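Residue numbers (this note's numbering), protein chains in the order written: chain A, 520 to 849; chain B, 520 to 849. Note that the Cβ used here is the ideal one computed from N, Cα and C, for glycine as well. Just so you know, these numbers come straight off a predicted model, no measurement behind them.
2 protein chains.
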Amino acid sequence: MKKSTITIYDVAKKADVSMATVSRVVNGTGKVKEETRQKVQQIIEDMGYHPNAVARGLASQKTTTIGIFLPDLNNAYFNELAQGIDDVSKLYNYNIILMSSSISHQNEKDVLRSLFSQQVDGIVYMSYDISDEVCDLLYEKGIPTVLAGVIDYKRQLPSVNIDYKAATFEVMERFAQKYNSIALVVQDKNTNVNQDFRCKGMAEAAKKYPKIQFEVIRAGYGYENGLAVFNEVKAKKIQAILTTDDSVAIGILNAASDQGIKIPEELEVMSAMNTKLALMARPELSSISQPLYDMGAVAMRMLTKLMKKEVVQDQQVILPHEIINRKSTK
Amino acid sequence: MKKSTITIYDVAKKADVSMATVSRVVNGTGKVKEETRQKVQQIIEDMGYHPNAVARGLASQKTTTIGIFLPDLNNAYFNELAQGIDDVSKLYNYNIILMSSSISHQNEKDVLRSLFSQQVDGIVYMSYDISDEVCDLLYEKGIPTVLAGVIDYKRQLPSVNIDYKAATFEVMERFAQKYNSIALVVQDKNTNVNQDFRCKGMAEAAKKYPKIQFEVIRAGYGYENGLAVFNEVKAKKIQAILTTDDSVAIGILNAASDQGIKIPEELEVMSAMNTKLALMARPELSSISQPLYDMGAVAMRMLTKLMKKEVVQDQQVILPHEIINRKSTK
DNA sequence: TATAATAAAGTAAGCGTTTGCAAAAAGTAC
DNA sequence: GTACTTTTTGCAAACGCTTACTTTATTATA
């Protein structure tokens, strides 16, 4: 155990200056004579003084802390986003308070409120979707917030995404040129905007290719659900499939292989997350590539601007996507 | 934008009591007459008052926040541990400040100090290993800390682990009964205690089975390194291999398949993390199972006790491991 | 050299809570 | 009704730092 904490006051006394001066050299604010600056700096180092972030937060009403909200700590999609956020936040010296809501939307508002009471300077919100309620709460609170990989219906909140609708359409169109039975696997949430966009993309394709049969299959997230959904795929004689979640796709892939169905010859599978799982799958998983890391990074960068009250003209960022053909599509 | 924040003072005024009383009902501390309690409670709800965690932290010297330190945000191993931590922390109403050190040990101490200045009540430290320096820093600071999935040489710090040496020995022994050329893939850090234990486990097996050739292969973490390491495996005609990292194992698996090497017939592969990746691999990856989620949970539980200054008799927890045979071993 | 600017340093009032201690109120026992 | 407990409450001092404002020192200007 060390001796009790050293405060700015201790430093001031030892340096024979006022706390204000010490504060100034610590923060680099205001004018301080170079000479005193050095003296104080030296003493700070000698004493091993480290400012108390909590006190600072209370006094300045800024915590240099941002809240990151995500539904699941153990999910490659959010983790890659989070990594982008984390790296940029480091660049700007922000600390991160993590809040996971573990699936249920129920307590989301409480979680958020807890973030508020922590006085975070800003929030990056990630999720499969965002409810109007949450969106309003965030908006009304007036605390800088940006959505990453998710978008709200009303477009009240700044966000960083790809164009889900267009991406889906592209894939669907490509499939439509070769097959007549195509499926989109979508998660069974009701209020999911992102999924909505995907469905719209498919609808558009369906309109353009009226003879082709387009199917929506609803399934949960995760590998097991992919495994499970394969039977439906098989029963319906689907020839090509687009999923949202890599784990689901891999489930389908593996279920197919296990049953001796050849991929991509008998079934083409494309996913839409392009996490690093895609490379580990066999056959390697084709995917719409969302630049997850970049999305996180851009979101965080935007948030720093918002927190500094800089004007950000385009608050609805759409990053380019790609379609990456690996071995699960022809 | 909402009207400016409501403080405990506002509530007190409206309820016509002192701040002290409001504080008491908020925290459930001290005696308050049931009648006033209800009145105040009501007003709190009506006004939508939420205590300011920062001020509270400053006044009480407790932030109900713990720091989680990990090297990589996007790594299934740490994520599963983190999930265990997160769930338990939720149970006890602790918030989480996340700090990732992104690989380099360089700035670890700074990162930790930043955690200190945030006045966290406790720390869960995860990493591939822990340097003596960091260990001492943590120890001297006297802030409750527990290591999860890692152990320090000196055993100064409480920790939760499996018995790496024994687990390795078991696998090695099993391999030794069938083959005469066996490898252990280990990460090329110098000061890695966990790896050390593994090597010791192998050494023991080597001693017991002197005719068998045991090999240590050094490689970095991650899928690509697994891919890369396969050539060495092949060149040395290794027949069975144990890796630390699932991604590395999958790299080996895939490289082998890609080159037409049959697994497990021509090469047995076992890993030691048993993240959910193991199930997604084809063939499914056999693995020593570390109960990662539980390790995280136990670590966090222990931390709560430490923070409450309860005595914890056994501070070096060893959780049982299993050897799970899937399809990559016979 | 006097005077206006400007730079450097200090003062002290917060920031929103908690909490030890004291005061007031409500019970009890006689 | 008095004296003494025991509850309830309120007061006000921290907690460690920032920052508007003031004072003092320094430099530039004429």
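{"Query": "Put A800 of chain A into one of helix, strand or coil per three-state DSSP.", "Result": "coil"}
{"Query": "Mind listing the chain B neighbours of G576 of chain A? Cutoff is C-beta to C-beta under 7 Å, in chain order.", "Result": "V573"}
{"Query": "Taking just the CA atoms, how far does T548 of chain A sit from Q561 of chain A?", "Result": "18 Å"}
{"Query": "Name, going along the chain, the residues of the stretch 788-816 of chain A whose beta-carbon falls closer than 8 Å to a beta-carbon of chain B.", "Result": "K795, L796, L798, M799, A800, R801"}
{"Query": "Can you list, in chain order, the residues of the stretch 599-612 of chain B whose Cβ is nearer than 8 Å to any Cβ on chain A?", "Result": "E599, A601, Q602, D605, D606, K609"}
{"Query": "Report the residue ranges of all beta strand (DSSP E) runs contained in full by the stretch 617-694 of chain B; include only those spanning at least 3 residues, in chain order.", "Result": "641-644, 664-667, 678-681"}
{"Query": "Quick one: what does DSSP say G586 of chain B is sitting in, helix, strand or coil?", "Result": "strand"}
{"Query": "Please name the residues in the stretch 623-637 of chain A whose beta-carbon is closer than 8 Å to at least one beta-carbon of chain B, in chain order.", "Result": "R632, S633, F635, S636, Q637"}
{"Query": "Here's the rule: buried if 16 or more other CB atoms are within 10 angstroms of the residue's CB, otherwise exposed. What is V607 of chain A?", "Result": "buried"}
{"Query": "Can you give the beta carbon distance from V704 of chain A to L666 of chain A, rounded, assuming they're within the 8 Å contact cut?", "Result": "Actually they are not in contact, since the Cβ atoms of V704 of chain A and L666 of chain A sit about 23 Å apart, beyond 8 Å."}
{"Query": "Going along chain B, which residues have a C-beta under 8 Å from H569 of chain A?", "Result": "R632, F635, S636"}
{"Query": "Is it a yes or a no for the stretch 744-755 of chain B touching the stretch 765-781 of chain B, going by three-plus beta-carbon pairs under 8 Å?", "Result": "yes"}
{"Query": "For chain B, is any of its Cβ atoms less than 7 Å away from the one on Y596 of chain A?", "Result": "no"}
{"Query": "For a quick check, are the C-beta atoms of G668 of chain B and V573 of chain A less than 7 Å apart?", "Result": "no"}
{"Query": "On the three-state DSSP scale, how would you describe M519 of chain B?", "Result": "A question about residue 519 of chain B goes unanswered here, because the residues of chain B that appear run from 520 up to 849."}
{"Query": "So, is D629 of chain B buried or exposed, given that buried needs 16 or more other C-beta atoms within 10 angstroms?", "Result": "exposed"}
{"Query": "Answer with yes or no whether the minimum CB distance from L822 of chain A to chain B is below 7 Å.", "Result": "no"}
{"Query": "Under the three-state reduction of DSSP, which class applies to S805 of chain A: helix, strand or coil?", "Result": "strand"}
{"Query": "I'd like to know if the stretch 722-730 of chain B and the stretch 755-770 of chain B are in contact, where contact means that at least 3 CB-CB pairs between them fall below 8 Å.", "Result": "no"}
{"Query": "If we define contact as Cβ-Cβ less than 7 Å, is L592 of chain B a contact residue for chain A?", "Result": "yes"}
{"Query": "Which of helix, strand or coil does DSSP assign to S700 of chain A?", "Result": "strand"}
{"Query": "Looking at the structure shown, is Q714 of chain B part of a helix, part of a strand, or coil, going by DSSP?", "Result": "helix"}
{"Query": "Any beta carbon of chain B sitting closer than 7 Å to that of Y740 of chain A?", "Result": "no"}
{"Query": "Can you find the residues in the same chain that come closer than 7 Å, C-beta to C-beta, to A578 of chain B, ignoring five residues on each side of it along the sequence?", "Result": "none"}
{"Query": "Cβ closer than 9 Å: which chain B residues qualify as neighbours of L617 of chain A?", "Result": "I587, A601, D605, N614, I615, I616, L617"}
{"Query": "Is there contact between the stretch 821-836 of chain B and the stretch 631-638 of chain B, where contact requires at least three CB pairs shorter than 8 Å?", "Result": "no"}
{"Query": "Express the C-alpha separation of T664 of chain A and M792 of chain B in angstroms, rounding to a whole number.", "Result": "36 Å"}
{"Query": "My guess is that V679 of chain A and A818 of chain A are in contact by the Cβ rule of under 8 Å, so how many angstroms apart are they, rounded?", "Result": "4 Å"}
{"Query": "At a Cβ threshold of 7 Å, is I563 of chain A touching chain B?", "Result": "no"}
{"Query": "Give the list of continuous beta strand (DSSP E) stretches no shorter than 3 residues that lie fully inside the stretch 536-594 of chain A.", "Result": "584-589"}
{"Query": "Establish whether the CB of I780 of chain B and some CB of chain A are separated by less than 7 Å.", "Result": "no"}
{"Query": "Which value, in whole angstroms, describes the spacing of the CA atoms of L503 of chain A and Y613 of chain B?", "Result": "With chain A represented from 520 up to 849, any question about residue 503 of chain A goes unanswered, as that position is not in the structure."}
{"Query": "Identify which residue in A:M799, A:S806, A:S805 has its Cα closest to the Cα of E803 of chain B.", "Result": "A:M799"}
{"Query": "Identify whether M520 of chain B lies in helix, strand or coil by the three-state DSSP scheme.", "Result": "In this prediction, M520 of chain B scores a pLDDT of 37, lower than 50, which makes its location untrustworthy; no coordinate-derived value is stated."}
{"Query": "How would you label D535 of chain A, buried or exposed, when you count the other beta carbons within 10 angstroms and need 16 or more for buried?", "Result": "exposed"}
{"Query": "Assuming M645 of chain B contacts F588 of chain B under a Cβ cut-off of 8 Å, what Cβ separation, rounded to an integer in Å, is found between them?", "Result": "6 Å"}
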